[in-house]
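In short: position in the sequence shown from 1, add 33, done, that's our numbering. Reading through the structure tokens given below for one structure.
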Amino acid sequence: MRYFVLLYFAWMYYDWNKFDIGKIRRKFLQWIRSCAWNRYFCNYFPIKLVKTTDLDPNKLYLFCSFPHGILPTGVYGAFGTDILGCRELFPGLEFRIVILDVFYKSPFFREYFRSCGGLASTPECMNQQLSTRPSPPYTGKATVLIPGGAAEVFECKPGTYRILIKRRKGFVKLALQNGNALVPVCSFGETDTFDQFSWPDGSFVKRLQEYIRKKIGIPPVLLVGRGFFQYTFGLIPRRKPVTVVVGSPMELPKIEEPTREQVEEYHEKFVKHLKKLFENEKYKYIENADSVHLEFV
Numbered sequence: 034m035r036y037f038v039l040l041y042f043a044w045m046y047y048d049w050n051k052f053d054i055g056k057i058r059r060k061f062l063q064w065i066r067s068c069a070w071n072r073y074f075c076n077y078f079p080i081k082l083v084k085t086t087d088l089d090p091n092k093l094y095l096f097c098s099f100p101h102g103i104l105p106t107g108v109y110g111a112f113g114t115d116i117l118g119c120r121e122l123f124p125g126l127e128f129r130i131v132i133l134d135v136f137y138k139s140p141f142f143r144e145y146f147r148s149c150g151g152l153a154s155t156p157e158c159m160n161q162q163l164s165t166r167p168s169p170p171y172t173g174k175a176t177v178l179i180p181g182g183a184a185e186v187f188e189c190k191p192g193t194y195r196i197l198i199k200r201r202k203g204f205v206k207l208a209l210q211n212g213n214a215l216v217p218v219c220s221f222g223e224t225d226t227f228d229q230f231s232w233p234d235g236s237f238v239k240r241l242q243e244y245i246r247k248k249i250g251i252p253p254v255l256l257v258g259r260g261f262f263q264y265t266f267g268l269i270p271r272r273k274p275v276t277v278v279v280g281s282p283m284e285l286p287k288i289e290e291p292t293r294e295q296v297e298e299y300h301e302k303f304v305k306h307l308k309k310l311f312e313n314e315k316y317k318y319i320e321n322a323d324s325v326h327l328e329f330v
């Protein structure tokens, strides 16, 4: 066993590249994305993928998904697997999900996420992904990012859509530098799969949670899901439908050194674009939709 561990860590060191999937994993990519586990996962909630417009198969897109949810079930099911037909809905596009860098430093987790086509959330990986053409047979790219990140987990409560975006402007700057179109993505029902115990801002527990998240990258939350034999308490996600809606792209010019004012301008335009998508689509997927709105934090 110890020899296996030593060999594995030697492999991790040799294979430390956080951008490239690797030839070995690429052989398993199609199988993993279509495996029975992913089919059961998508059918459990169930998860559904909806497009509102066709996308040019030759462009490089940055999909910006909201909200994060306790676990980003919608994003994983829609774009991390082939069960819902993302490659058929958007032919020609290679899908890669941006994942917390901490998982790429974790044994075995890194192998699974990279085999699903994951991408580390580092500036180097993001720039390389957004600026390079894909390998055949793909002709374009769809890089899927959750701008709210792990910190947005603390905002997730059933029936609400509070998203961290007011200060999250780095994704707009990246898109401007590489000339990528921004595509808003709304994951309706994402916040209903779990509840959580929460504490007021400034309280000792909340400050402790934030401290741990900043140190290890993963938010420590007390989940409230369901159990195996009852539906009131447990760590299993609640069986609530999740619908991932892909909006129309917002084209951006390529500006290698965008000014702060330019980033602010296109960030404001994207927020309006995202809000329009949410308001137009919410009546199809949310109960009491008149009283539910995106809350920008």
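Glycine included, every Cβ here is placed at the ideal spot set by N, Cα and C.
ask   = Around the C-beta of Q242, are 16 or more other C-beta atoms found within 10 angstroms, so that it is buried, or is it exposed?
value = Counted from its first residue, the sequence shown places residue 242 at position 209. Counting Cβ neighbours within 10 Å, Q242 comes out buried, since at least 16 surround it.
ask   = Taking one C-beta from the segment 225-233 and one from the segment 305-322 each time, how about it: are there three or more such pairs within less than 8 Å?
value = At 8 Å Cβ cutoff, the stretches do not touch.
inquiry  = Using CA atoms only, rank isn't needed, just tell me which of R259, K247, I198 and K138 is closest to V330.
reply    = Along the sequence shown, one-based indexing puts residue 330 at 297. V330 has its Cα closest to that of I198, out of R259, K247, I198 and K138.
Euclidean distance between Cα positions of I251 and Y94 = As a working note, residue 251 is residue 218 in the sequence shown. As a working note, residue 94 is residue 61 in the sequence shown. Taken atom to atom, the span from the alpha-carbon of I251 to that of Y94 is near 27 Å.
ask   = How many angstroms separate the CA atom of G280 from the CA atom of I249?
value = On the sequence shown, position 247 is the one that residue 280 refers to. On the sequence shown, position 216 is the one that residue 249 refers to. Rounded to whole angstroms, G280 to I249 spans 33 Å at the Cα level.
task = Check the C-beta distance from F204 over to C97 and give it rounded, since I have them as a contact under 8 Å.
result = The residue you call residue 204 lines up with position 171 of the sequence shown. The residue you call residue 97 lines up with position 64 of the sequence shown. With a beta-carbon spacing of about 6 Å, F204 and C97 fall inside the 8 Å limit used to define contacts.
inquiry  = Using the three-state DSSP reduction, which class does I198 fall into: helix, strand or coil?
reply    = Residue mapping note: residue 198 aligns to position 165 of the sequence shown, counting from 1. DSSP places I198 in coil when its eight states are reduced to three.
request  = Give a yes or no on whether the C-beta atoms belonging to H101 and I245 are separated by under 9 Å.
outcome  = Within the sequence shown, the letter at position 68 stands for residue 101. Within the sequence shown, the letter at position 212 stands for residue 245. Going by C-beta atoms, H101 is not nearer than 9 Å to I245.
task = Buried or exposed for G258, please, with buried defined as at least 16 other CB atoms from any protein chain shown within 10 angstroms of its CB.
result = Sequence index remark: in the sequence shown, residue 258 carries index 225 (1-based). Label assigned to G258: buried.
task = Entirely within the segment 280-330 and at least 4 residues each: give me those alpha helix (DSSP H) ranges in chain order.
result = Within the segment 280-330, the alpha helix (DSSP H) runs of at least 4 residues that lie entirely inside it are, in chain order, 293-318.
ask   = Is T106 helix, strand or coil when you go by DSSP?
value = Translated into positions along the sequence shown, residue 106 becomes position 73. Looking at T106 - three-state DSSP - the assignment turns out to be helix.
key: Close-in-space but distant-in-sequence residues of the same chain around L88 (CB under 6 Å, 5 per side omitted)   = To locate residue 88, count along the sequence shown from 1; it is residue 55. Excluding residues within five positions, the ones whose Cβ falls inside 6 Å are F123.
inquiry  = If I follow the unbroken beta strand (DSSP E) through G203, where does it start and stop?
reply    = By one-based count along the sequence shown, residue 203 stands at place 170. Careful: G203 lies outside any beta strand (DSSP E), inside the alpha helix (DSSP H) at G203 to N211.
key: Counterpart residues of C119 in DSSP-defined beta bridges   = For this step, residue 119 is matched to residue 86 along the sequence shown. Its beta-bridge partners do not exist; DSSP assigns none.
ask   = Which residues mark the beginning and the end of the alpha helix (DSSP H) in which L40 is found?
value = Indexing the sequence shown from 1 puts residue 40 at position 7. Its alpha helix (DSSP H) spans residues R35 to Y47.
ask   = When the Cβ atoms of the segment 205-219 are set against those of the segment 69-83, are three or more pairs found closer than 8 Å?
value = The segment 205-219 is not in contact with the segment 69-83.
message = Assuming contact is defined by CB atoms lying nearer than 9 Å, are F136 and A175 in contact in what I supplied?
response = As a position in the sequence shown, residue 136 is number 103, starting the count at 1. As a position in the sequence shown, residue 175 is number 142, starting the count at 1. In this structure, A175 does not lie closer than 9 Å to F136 by Cβ.
key: CA-to-CA distance, C68 to E298, given in whole angstroms   = Taking the first residue of the sequence shown as position 1, residue 298 is located at position 265. Taking the first residue of the sequence shown as position 1, residue 68 is located at position 35. Cα to Cα, E298 sits roughly 43 Å from C68.
inquiry  = Please tell me whether G150 and F128 are closer than 9 Å, where the distance is taken between their beta carbons.
reply    = Locating residue 150 in the sequence shown gives position 117, where the first residue counts as 1. Locating residue 128 in the sequence shown gives position 95, where the first residue counts as 1. Between G150 and F128, the C-beta gap is smaller than 9 Å, which places the two residues in contact.
8 Å contact criterion, which V254 and V186 should meet: CB distance rounded = Sequence index remark: in the sequence shown, residue 254 carries index 221 (1-based). Sequence index remark: in the sequence shown, residue 186 carries index 153 (1-based). The beta-carbon separation of V254 and V186, rounded to 6 Å, stays under the 8 Å limit for a contact.
inquiry  = Quick check on DSSP: helix, strand or coil for F230?
reply    = What you label residue 230 is simply residue 197 of the sequence shown in a count that begins at 1. Of the three classes helix, strand and coil, the one that applies to F230 here is strand, per DSSP.
inquiry  = Is it buried or exposed, A153, if we count other Cβ atoms within 10 angstroms and call 16 or more buried?
reply    = By 1-based counting over the sequence shown, the position of residue 153 is 120. Classification for A153: buried.
message = Is the beta carbon of Y171 closer than 9 Å to that of I65?
response = Along the sequence shown, one-based indexing puts residue 65 at 32. Along the sequence shown, one-based indexing puts residue 171 at 138. The answer is no: Cβ separation not under 9 Å.
key: Rounded C-alpha distance that separates L307 from K92   = Counting from one through the sequence shown, the residue named residue 307 turns up at place 274. Counting from one through the sequence shown, the residue named residue 92 turns up at place 59. A direct Cα-to-Cα measurement between L307 and K92 gives close to 20 Å.
inquiry  = Can you tell me whether T106 is buried or exposed? The criterion is at least 16 other CB atoms within 10 Å of its CB, across all chains shown.
reply    = Taking the first residue of the sequence shown as 1, we reach residue 106 at position 73. Taking all protein chains shown into account, T106 has 16 or more neighbouring C-beta atoms within 10 Å of its C-beta and is therefore buried.
key: Run of the beta strand (DSSP E) containing I132, from where it starts to where it stops   = Taking the first residue of the sequence shown as 1, we reach residue 132 at position 99. Segment L126 to I132, the beta strand (DSSP E) holding I132.
inquiry  = Alpha carbons only, please: which of I179, A183 and S164 is nearest the one belonging to L209?
reply    = As a working mapping, residue 209 is identified with position 176 in the sequence shown. If we check each option's Cα against that of L209, S164 comes out closest.
message = Tell me which residues share the same chain as D225 and place their Cβ nearer than 6 Å to its Cβ, disregarding the 5 neighbours each side in the sequence.
response = Counting from 1 along the sequence shown, the entry for residue 225 is found at position 192. Only residues of its own chain outside the window of five on either side were considered, and among them P191 and K273 have a CB closer than 6 Å to the CB of D225, listed in chain order.
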